[in-house]
Amino acid sequence: MRTLAMTAGAIALALLVTAGLILLAGKSPVTAYGALLRGAFGSLDRVAFALNKSTPYILAGVGVALCFRAKVINIGGEGQIAVGGIAASAVILLAPAGSPPVLMLALAMLAGAAGGAVWAILAAWVFIKRNVHEVLCTLLLNFVGVLLVSEVLRAPLGEDGAGFPQSPLFPRAGWLPKLIPGTDLHIGILFAVAAAVLGHVLLWRTTFGFRLRVMGASRPAAAYVGVSTARATFAVMALAGALAGLAGGIEVSGVHNRLIEGFSHGFGFNAVAVALIAGLNPLAVLPAGLFLGFLEAGALAMQREVGVPSSLVYVIEGLMMVFVLCAVGLNARNRRV
Amino acid sequence: MDLATLTELLSATLRIAAPLMFAALGGLLSERAGTFAVGIEGMMLAGAFGGALAVFATGSTAAGLAVSLLAGMALALVVALATTRFRADQMVTGLAVNILSLGLTSFLLRGLFGGRTPVIRLPTLPAWPVPLLSDIPLLGPVLFRQPLLVYAAFLLTIPVALFLAKTRTGLMLRAVGENPEAAFAVGTDPQRVRVAAILVGGAFAGLGGAVLSLQEVGTFTDGMTNGRGFIALAAIIVGRWNPFGAMAGCLLFGAVAALESRIQGWGLPVSSYVVQMVPYLVALALLAGIGRSARMPGAIGVPFVRH
Numbered sequence: 002m003r004t005l006a007m008t009a010g011a012i013a014l015a016l017l018v019t020a021g022l023i024l025l026a027g028k029s030p031v032t033a034y035g036a037l038l039r040g041a042f043g044s045l046d047r048v049a050f051a052l053n054k055s056t057p058y059i060l061a062g063v064g065v066a067l068c069f070r071a072k073v074i075n076i077g078g079e080g081q082i083a084v085g086g087i088a089a090s091a092v093i094l095l096a097p098a099g100s101p102p103v104l105m106l107a108l109a110m111l112a113g114a115a116g117g118a119v120w121a122i123l124a125a126w127v128f129i130k131r132n133v134h135e136v137l138c139t140l141l142l143n144f145v146g147v148l149l150v151s152e153v154l155r156a157p158l159g160e161d162g163a164g165f166p167q168s169p170l171f172p173r174a175g176w177l178p179k180l181i182p183g184t185d186l187h188i189g190i191l192f193a194v195a196a197a198v199l200g201h202v203l204l205w206r207t208t209f210g211f212r213l214r215v216m217g218a219s220r221p222a223a224a225y226v227g228v229s230t231a232r233a234t235f236a237v238m239a240l241a242g243a244l245a246g247l248a249g250g251i252e253v254s255g256v257h258n259r260l261i262e263g264f265s266h267g268f269g270f271n272a273v274a275v276a277l278i279a280g281l282n283p284l285a286v287l288p289a290g291l292f293l294g295f296l297e298a299g300a301l302a303m304q305r306e307v308g309v310p311s312s313l314v315y316v317i318e319g320l321m322m323v324f325v326l327c328a329v330g331l332n333a334r335n336r337r338v
Numbered sequence: 008m009d010l011a012t013l014t015e016l017l018s019a020t021l022r023i024a025a026p027l028m029f030a031a032l033g034g035l036l037s038e039r040a041g042t043f044a045v046g047i048e049g050m051m052l053a054g055a056f057g058g059a060l061a062v063f064a065t066g067s068t069a070a071g072l073a074v075s076l077l078a079g080m081a082l083a084l085v086v087a088l089a090t091t092r093f094r095a096d097q098m099v100t101g102l103a104v105n106i107l108s109l110g111l112t113s114f115l116l117r118g119l120f121g122g123r124t125p126v127i128r129l130p131t132l133p134a135w136p137v138p139l140l141s142d143i144p145l146l147g148p149v150l151f152r153q154p155l156l157v158y159a160a161f162l163l164t165i166p167v168a169l170f171l172a173k174t175r176t177g178l179m180l181r182a183v184g185e186n187p188e189a190a191f192a193v194g195t196d197p198q199r200v201r202v203a204a205i206l207v208g209g210a211f212a213g214l215g216g217a218v219l220s221l222q223e224v225g226t227f228t229d230g231m232t233n234g235r236g237f238i239a240l241a242a243i244i245v246g247r248w249n250p251f252g253a254m255a256g257c258l259l260f261g262a263v264a265a266l267e268s269r270i271q272g273w274g275l276p277v278s279s280y281v282v283q284m285v286p287y288l289v290a291l292a293l294l295a296g297i298g299r300s301a302r303m304p305g306a307i308g309v310p311f312v313r314h
């Protein structure tokens, strides 16, 4: 309850500060936030758009929450999503024509998850075996993963003659089915909900989850009671990578129906923001991810209607993170005394 | 490779390394006092923005530098408050500040000009040849025919190194980074030292951003630092938290980046994307190479708790 109140306070404070910025830009915060709300909830299509936007944040956010619980600061979501997207696209584009859609999509999503997992394990390997801080490993691999998308679009998967680095449109069988026919809402959100629930069960109801929590409390203590911290680190990174990779597969197949350059832009950091706002609780990642998805969807509408730049979302997000972090730190301090 | 190409390549190495140098020296001060400097990416971006905007508005380079310094410090203040007063996690606070900086600079760029992105085109700062020295063959054009801020970036290493190694305050700063309890016991306030180190670090990182926008590019674009702050972080580690080591790291990344932008012209059968990956992969390989031998400041990442 206390944490909920503090999170709400952090969000309110961030929105308040941002209102000041909108004033500074010579617009009315009331009008701007009104446009934002309409853009987020105004119609079934807007809601569908926002739900699709939330999906990758929730999926990758659950992975980040699990990692952070174990004090493994995995900020490699963007690279893992990018590589997952590449793997899923490769399966869809290279599958023989006439493959059964269910099989093709299942394989594509699996490939996406595997691709993301491999990328995360690579970072975990450098972290565990070579003792390089995981923030730097995951971060540097983000840049490489994103460039890898451009590289595969240049040669093997790219569309000839397209003005933009993108793959050819996927065959229909490679499009993620719609959840509500007639809207853009695809079934990805179901995966996101499942990930949040399963992540919750994993963290609080399994031995592995317990190990992660012990490790988060103290690595030496975990090692002392017989937890292989290296193995647990690999496992949680692989899991988070798989979730992020799946998010990448869902994004290309469900939203763009093709691989395009920059499709993962900012997703990794958003996943971190979402996990933090959720207090590192996988189940709470669901509302936090939805919040961010609707916020972004609304901000895009706000930019169109009122002319307030949508980059304001990053300001809100950054402020929110800082405030939540301060609240968490303050809380820990009070507990200690 | 002929002499002209080599000269040009080495000269570009120094130019590209200069913004990294400012950021790395700033981050190094913060980290030696015990605070991870993940936020220098955002501080650089803020400095690049503030510098470009100030020169755009006033036409004065000095004003640009001053504003960039303040912009970097403003973000550093957020980090300092959050990590000392509120004991927020240092890594994630740094990331938050980076996102904040990306959003704020992009928003203000449009918001301050009525929703329209202004075209900021500034003359890049000219080379400032050192008399006599710049006439030395090869060395002259490489070392002594650079814009002023390149000299400043490298010369700054000396006072920073002397400060850390030879002064009482520098010793205090290092003590706070290694063992804040011990520093506290002998009458130093670790929080104040950390705040000061983060603020000065932010000022340096902001200047680094200004070097980028005023000297190299001559404009500001959204997210223009594009990971340079993180490369500076890698340089700090590669240089093992030593100012001259960090300089070597920055020069190395500068050389890789200088090669990267020229390799296209040589008609090698490598795509530009693969070449762009090189600095990040080199950073990763170097970090993995020094791996266990790199010893971080002892108390880095740990908030100081007064008992």
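Chains as they are written, first to last, in this note's numbering: chain A, 2 to 338; chain B, 8 to 314. Note that beta-carbon positions come from the ideal geometry of N, C-alpha and C, so glycine has one too.
Pick from the options that is closest to residue i, judged by C-alpha positions
{"i": "B/Arg-201", "options": "B/Leu-21, B/Leu-221 and B/Leu-88", "result": "B/Leu-88"}
{"i": "B/Leu-32", "options": "B/Phe-151, B/Gly-209 and B/Leu-16", "result": "B/Gly-209"}
{"i": "A/Asp-46", "options": "A/Lys-130, A/Gly-250 and A/Leu-180", "result": "A/Leu-180"}
{"i": "B/Ala-255", "options": "B/Ala-24, B/Thr-14 and B/Ala-19", "result": "B/Ala-24"}
{"i": "A/Met-321", "options": "A/Ala-156, A/Ile-261 and A/Ala-11", "result": "A/Ala-11"}
{"i": "A/Ser-55", "options": "A/His-187, A/Leu-281, A/Ala-224 and A/Arg-232", "result": "A/His-187"}
{"i": "B/Val-281", "options": "A/Gly-86, A/Leu-5 and A/Arg-155", "result": "A/Arg-155"}
{"i": "B/Ala-64", "options": "B/Ile-270, B/Arg-269, B/Thr-226 and B/Ala-295", "result": "B/Thr-226"}
{"i": "B/Phe-43", "options": "B/Thr-176, B/Ala-95, B/Arg-128 and B/Leu-72", "result": "B/Ala-95"}
{"i": "B/Leu-11", "options": "B/Leu-145, B/Ala-172, B/Leu-102 and B/Leu-219", "result": "The amino acid at residue 11 of chain B is misidentified as Leu; the sequence shows Ala. Among B/Leu-145, B/Ala-172, B/Leu-102 and B/Leu-219, the Cα nearest to that of B/Ala-11 is on B/Leu-145."}
Chain-ordered chain A contacts of residue i [CB-CB under 7 Å]
{"i": "B/Thr-100", "result": "Val-323 and Leu-326"}
{"i": "B/Arg-117", "result": "Pro-310"}
{"i": "B/Gln-283", "result": "Leu-148"}
Alpha-carbon to alpha-carbon, residue j and residue i
{"i": "A/Gly-263", "j": "A/Val-147", "result": "7 Å"}
{"i": "B/Ser-113", "j": "B/Asn-249", "result": "34 Å"}
{"i": "A/Ala-33", "j": "B/Val-104", "result": "24 Å"}
{"i": "B/Leu-16", "j": "B/Pro-136", "result": "17 Å"}
{"i": "A/Met-7", "j": "B/Val-62", "result": "41 Å"}
{"i": "B/Ala-78", "j": "B/Leu-119", "result": "16 Å"}
{"i": "A/Arg-337", "j": "A/Gly-330", "result": "Confidence at A/Arg-337 is low in this model, with a pLDDT of 42, below 50, so the placement of that residue should be treated as unreliable; the coordinate-derived value is given next. Computed Cα separation, rounded: 11 Å."}
{"i": "B/Asp-196", "j": "B/Arg-92", "result": "13 Å"}
{"i": "A/Val-325", "j": "A/Leu-14", "result": "10 Å"}
{"i": "A/Gly-235", "j": "B/Glu-38", "result": "Contrary to the premise, residue 235 of chain A reads as Phe rather than Gly in this sequence. Whole-angstrom Cα-Cα distance: 28 Å."}
{"i": "B/Gln-228", "j": "B/Leu-27", "result": "Looking at the sequence provided, one finds Thr at residue 228 of chain B rather than Gln. If I take the Cα positions, the gap works out to 18 Å."}
{"i": "A/Val-226", "j": "B/Arg-269", "result": "55 Å"}
{"i": "B/Gly-308", "j": "B/Trp-273", "result": "45 Å"}
{"i": "A/Ile-261", "j": "A/Glu-160", "result": "10 Å"}
{"i": "B/Val-85", "j": "A/Glu-135", "result": "24 Å"}
{"i": "B/Pro-130", "j": "B/Gly-230", "result": "20 Å"}
{"i": "B/Asn-186", "j": "B/Ile-297", "result": "24 Å"}
{"i": "A/Glu-318", "j": "B/Ser-75", "result": "23 Å"}
Test item: CB-CB of residue i and residue j under 8 Å
{"i": "B/Ile-238", "j": "B/Ala-290", "result": "yes"}
{"i": "B/Ala-189", "j": "B/Met-50", "result": "no"}
{"i": "B/Pro-310", "j": "B/Thr-90", "result": "yes"}
{"i": "A/Val-84", "j": "A/Gly-117", "result": "yes"}
{"i": "A/Val-198", "j": "A/Leu-67", "result": "no"}
{"i": "A/Gly-294", "j": "A/Leu-140", "result": "no"}
{"i": "A/Ala-89", "j": "A/Ser-311", "result": "no"}
{"i": "B/Val-207", "j": "B/Leu-36", "result": "yes"}
{"i": "B/Leu-21", "j": "B/Val-149", "result": "yes"}
{"i": "B/Leu-162", "j": "B/Leu-132", "result": "no"}
{"i": "B/Gly-236", "j": "B/Ile-47", "result": "yes"}
Partners in chain A for residue i, counting only beta-carbon separations shorter than 8 Å
{"i": "B/Asp-196", "result": "Simply none; closest approach about 17 Å."}
{"i": "B/Ala-241", "result": "Leu-137 and Leu-141"}
{"i": "B/Val-45", "result": "Val-136"}
For residue j and residue i, believed in contact at Cβ under 8 Å, the rounded distance
{"i": "B/Ala-241", "j": "A/Leu-137", "result": "6 Å"}
{"i": "B/Ala-265", "j": "B/Ala-19", "result": "4 Å"}
{"i": "B/Val-167", "j": "B/Gly-41", "result": "Incorrect: roughly 17 Å between the Cβ atoms, too far for contact."}
{"i": "A/Ala-248", "j": "A/Ile-74", "result": "Not confirmed; about 19 Å, so no contact."}
{"i": "A/Gly-62", "j": "A/Ala-289", "result": "7 Å"}
{"i": "A/Leu-284", "j": "A/His-201", "result": "4 Å"}
Beta-carbon neighbours of residue i, restricted to chain B and to distances below 7 Å
{"i": "A/Phe-270", "result": "Leu-102 and Ile-106"}
{"i": "A/Leu-313", "result": "Gly-110 and Phe-114"}
Residue i: contacting residues in chain A (beta-carbon distance under 9 Å)
{"i": "B/Val-202", "result": "Under the 9 Å cutoff, chain A gives no residues; its nearest Cβ is about 15 Å from B/Val-202."}
Residues that residue i contacts on chain B, provided the C-beta gap is smaller than 8 Å
{"i": "A/Ser-151", "result": "Tyr-280"}
Under 9 Å from the C-beta of residue i: neighbouring residues of chain B
{"i": "A/Cys-68", "result": "Here the premise fails: no neighbours, minimum Cβ distance about 12 Å."}
Cβ of residue i within 8 Å of any chain E Cβ
{"i": "A/Phe-50", "result": "Any reference to chain E falls outside this structure, whose protein chains are A and B."}
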